[in-house]
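Its first residue numbered 34, the sequence shown is counted upward by one per residue in the numbering used here. We treat Cβ as the ideally placed atom computed from N, Cα and C, and that holds for glycine. Inspection log for the structure reproduced underneath, given as structure tokens.
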Amino acid sequence: MPHRLLEGEHMDNPGEWKAHIPENLEELARTNRWFGGTTSVRTPLRPLLPLKGARILDVGTADGATLAALGRWAANRGAEWELHGLDLFPGFLELAGPTPGFTRCVGDAVALPFPDRSFDAAVSLQTLHHFDDHGAVSVLRELTRVSRNLVVVSDLRRSLPTYAAARGLATFFWRNAMTRHDGPRSVRASFTPDELVNLGRRADPDEAWRVRAHGPFRIVLECARGEESL
């Protein structure tokens with residue numbers, strides 16, 4: 034799969050698929066639990082556990098399932114984090130369940146409505162592939178701008194094994210039409226490790242970007258912010 038292919042996903046037009054969204058988000062949350070989506074952003078945040086009242090921003094949070102899981106994980110280890118979830122679509126945020134310390138915000142990932150360095154960490158899970166390269170650079174630049182310590186971006190790895198896995202899930206496991214349609218397309222729109230780290234360097238060449246594999250189907254881009262890196 035040598036090139037990204039942005040074909041458009043139903044997730045990008047949720048108004049037309051409103052009835053499918055709750056089940057779609059449930060299936061995505063289940064798939065993330067199976068294949069390490071949540072743990073891929075959780076592991077880099079471990080150094081923030083001793084930081085009292087750490088402010089965490091999740092961009093593209095949808096119904097906040099990932100952010101809620103991060104909050105529970107931190108609370109179980111004695112940390113009380115201040116959680117902020119941003120999404121472009123209000124309908125997704127309306128599905129978020131009650132989570133202590135969770136603030137919802139409607140906003141655009143390419144123009145975050147927050148001051149510079151206003152969060153201890155900015156994370157994003159399976160959101161970046163919805164943007165073309167220019168848009169993805171803008172998102173990464175914004176995540177870097179609002180973060181004091183860490184930027185963590187987890188997305189699918191564009192490869193034949195990942196695509197085969199998505200096709201298999203769409204055929205045998207996913208029941209929601211929206212999930213079945215979007216899953217394989219998400220893989221085709223995603224990144225190789227070199228592509229992802231190069232987007233980070235384009236966003237801010239002065240930062241130390243690194244990319245790592247998280248299981249066979251996912252890659253994670255991380256940036257520990259200069260003097261304040263943990």
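Extent of the continuous alpha helix (DSSP H) run through residue i
{"i": "L229", "result": "226 to 236"}
{"i": "G140", "result": "Element bounds for G140: n/a, residue is neither H nor E."}
{"i": "L128", "result": "Taken as a continuous stretch (DSSP letters only), L128 belongs to no alpha helix (DSSP H), as it is neither H nor E."}
Where the beta strand (DSSP E) containing residue i begins and where it ends
{"i": "L254", "result": "251 to 257"}
{"i": "G118", "result": "115 to 120"}
Residue i, DSSP secondary structure in three states
{"i": "L39", "result": "coil"}
{"i": "A246", "result": "strand"}
{"i": "S262", "result": "With a pLDDT of 49 at S262, under the threshold of 50, the predicted position of this residue should be treated as unreliable, and no value is reported."}
Contact test: residue i Cβ vs the ligand COA heavy atom, cutoff 7 Å
{"i": "P83", "result": "The ligand COA is not part of this structure, which contains no ligands at all."}
On the three-pair Cβ rule with 8 Å, is the segment 48 to 65 touching the segment 204 to 211?
Taking one beta carbon from each stretch, the segment 48 to 65 and the segment 204 to 211 have 3 or more pairs nearer than 8 Å; the two touch.
In chain order, each alpha helix (DSSP H) run of at least 4 residues that lies wholly inside the segment 64 to 109:
70 to 78, 98 to 108, all fully within the segment 64 to 109.
Stretch pair the segment 226 to 233 + the segment 192 to 202: three plus CB contacts closer than 8 Å:
Touching, no, given that fewer than three Cβ pairs across the two stretches are closer than 8 Å.
Ordered list of beta strand (DSSP E) runs contained in the segment 143 to 217, each at least 3 residues
Counting whole runs of 3 or more residues, the segment 143 to 217 contains the beta strand (DSSP E) stretches 152 to 158, 180 to 189.
Count Cβ pairs between the segment 168 to 179 and the segment 137 to 148 that sit closer than 8 Å; are there 3 or more?
Flag = yes, the segment 168 to 179 and the segment 137 to 148 touch.
Would you call the segment 56 to 74 and the segment 238 to 253 touching, i.e. three or more CB-CB distances under 8 Å?
Yes: the two stretches touch, three or more of their Cβ pairs being nearer than 8 Å.
So, does the segment 154 to 168 touch the segment 75 to 88, judging by three or more C-beta pairs under 8 Å?
In short, these stretches touch, since the Cβ pair count reaches three.
How about the segment 125 to 134 and the segment 160 to 169: do they share at least three Cβ pairs that are nearer than 8 Å?
The segment 125 to 134 and the segment 160 to 169 do not touch, with fewer than 3 CB-CB distances between them shorter than 8 Å.
Quick check: the segment 177 to 187 against the segment 109 to 120, are there 3 or more CB pairs under 8 Å?
Too few Cβ pairs lie closer than 8 Å, so no.
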